[in-house]
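For what it's worth, my numbering labels the leading residue of the sequence shown as 4, then goes sequentially.
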Amino acid sequence: RRRSPRRPRAVEECTRARIVITHGTDTMVDTARVLLGVPGKTIVLTGAMQPARFRATDALYNLASALTAVQILPPGVYIAMNGRVFDPARTRKNRELNCFEEF
Numbered sequence: 004r005r006r007s008p009r010r011p012r013a014v015e016e017c018t019r020a021r022i023v024i025t026h027g028t029d030t031m032v033d034t035a036r037v038l039l040g041v042p043g044k045t046i047v048l049t050g051a052m053q054p055a056r057f058r059a060t061d062a063l064y065n066l067a068s069a070l071t072a073v074q075i076l077p078p079g080v081y082i083a084m085n086g087r088v089f090d091p092a093r094t095r096k097n098r099e100l101n102c103f104e105e106f
């Protein structure tokens, strides 16, 4: 039987109301869903489909999107990727198209 994941204590105990988390894209949606329900915080996860060491990386673009989103969105959990902000409850990583999408 698979255990249900626990929320990271660092996020719950953080005194800041706005948090940006850089994260690997393979499990980003899973982590964002675990964080749903953390009260009183705006949490934005972001990452890169192309690693930062690559010339054509999307890392800086996604990080800038996350930093903007965390400042203007109401409390909740979000994913900032591909120039969009997603609700993790309705988001998946499309490995074939190399992007995140809503379903």
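Note that the Cβ used here is the ideal one computed from N, Cα and C, for glycine as well. Small disclaimer: the values here were computed from a predicted structure and weren't measured.
_Once DSSP output is grouped into helix, strand and coil, what is the label at MET84?_
Counted from its first residue, the sequence shown places residue 84 at position 81. In this structure, MET84 counts as strand in the three-state DSSP scheme.
*Relative to the alpha-carbon of THR25, which residue among MET84, GLU99 and PHE106 has its alpha-carbon at the smallest distance?*
On the sequence shown, position 22 is the one that residue 25 refers to. Selected option, being the one with the closest Cα: MET84.
*asked:* For THR49, tell me which candidate among THR60, SER68, ASP33 and VAL37 has the shortest Cα-Cα distance.
replied: By 1-based counting over the sequence shown, the position of residue 49 is 46. When each option's Cα is compared against that of THR49, the closest is SER68.
_Beta-carbon proximity list for ARG10, same chain, < 7 Å, skipping 5 on both sides_ = As a position in the sequence shown, residue 10 is number 7, starting the count at 1. Cβ neighbours of ARG10 beyond the five flanking positions: VAL37, LEU38 and VAL41.
_8 Å contact criterion, which ILE46 and VAL80 should meet: CB distance rounded_ = Within the sequence shown, numbered from 1, the residue matching residue 46 stands at position 43. Within the sequence shown, numbered from 1, the residue matching residue 80 stands at position 77. Indeed they touch by this definition, with Cβ atoms about 5 Å apart.
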